[in-house]
Amino acid sequence: MGRKYLTVLSTALIIVFIDQIAKFLIKTNFQLNQTLPIINNIFHLTYIHNFGAGFGILQQQRWILAFISIIVIGFIFYYLDRIREKERLLQLLAGFVLGGTIGNLTDRIINGYVIDFLDFRIWPVFNFADSFVTIGVIGLIIYYWKK
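Remember, the working numbering sits 1436 above the position in the sequence shown when you count from 1.
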């Protein structure tokens, strides 16, 4: 296995681990819909079940969302060969998207929903997997825009 594959896969694995541990801690220490203010009215931990995608779209479409995740994962592996060994930032960003996608796919398959808990009160509640996918996608857009 080449170094770039190791970078992408280890990055993804670390993200899945962080995401799943955080979700486990929330699920075992909070009641559903319980909220804990960290910074009152700015940032709370709020345990919810998300049966859709971002911003509440595609509610109750578990298998469609799982299928989309599998397509994204396949797309990343397909294009991994096109990433050069020296493009370390690109490898990390691909690992971010891969790890976040796998993290939420794991929830959908095991639970039938995604566990969300990061609540900034002005934005829908989300999780670490969502954050890494977003950072990865924005990073990839900027990376290719500048290229």
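Note that CB positions come from ideal geometry on N, CA and C, so glycine has one too.
Being a predicted model, the structure only gives us computed values, none of them experimental.
Query	Result
Where Ile1578 falls, given that 16 or more other Cβ within 10 Å makes a residue buried	exposed
Gln1580 - containing alpha helix (DSSP H), residue span	The displayed chain sequence assigns Tyr, not Gln, to residue 1580. Segment 1564-1582, the alpha helix (DSSP H) holding Tyr1580.
The stretch 1554-1568 touching the stretch 1445-1463, judged by at least three CB pairs closer than 8 Å	yes
Reduced DSSP secondary structure (H/G/I, E/B, other) of Phe1556	coil
Residue environment, Ser1505, which counts as buried when at least 16 other CB atoms sit within 10 Å	buried
Pairwise C-alpha distance: His1485 and Gln1467	11 Å
Cβ contact check for the stretch 1472-1485 and the stretch 1552-1561: 3 or more pairs under 8 Å	yes
Beta carbon of Gly1539 nearer than 8 Å to that of Ile1451	yes
Buried or exposed by the 16-neighbour rule on C-beta atoms within 10 Å, applied to Asp1517	exposed
Nearest candidate by alpha-carbon position, reference Arg1439, set Phe1513, Thr1464, Glu1521, Ala1448	Glu1521
Close beta carbons around Gly1531, own chain, < 6 Å, minus the five adjacent residues each side	Val1444, Thr1447, Ala1448
Candidates Phe1503, Gly1575, Leu1534, Asn1477, of which the one nearest Trp1559 by Cα	Asn1477
DSSP beta-bridge partners of Ile1500	Answer is none; Ile1500 lacks a bridge partner.
Close beta carbons around Thr1537, own chain, < 7 Å, minus the five adjacent residues each side	Ser1505, Val1508, Ile1509, Val1569
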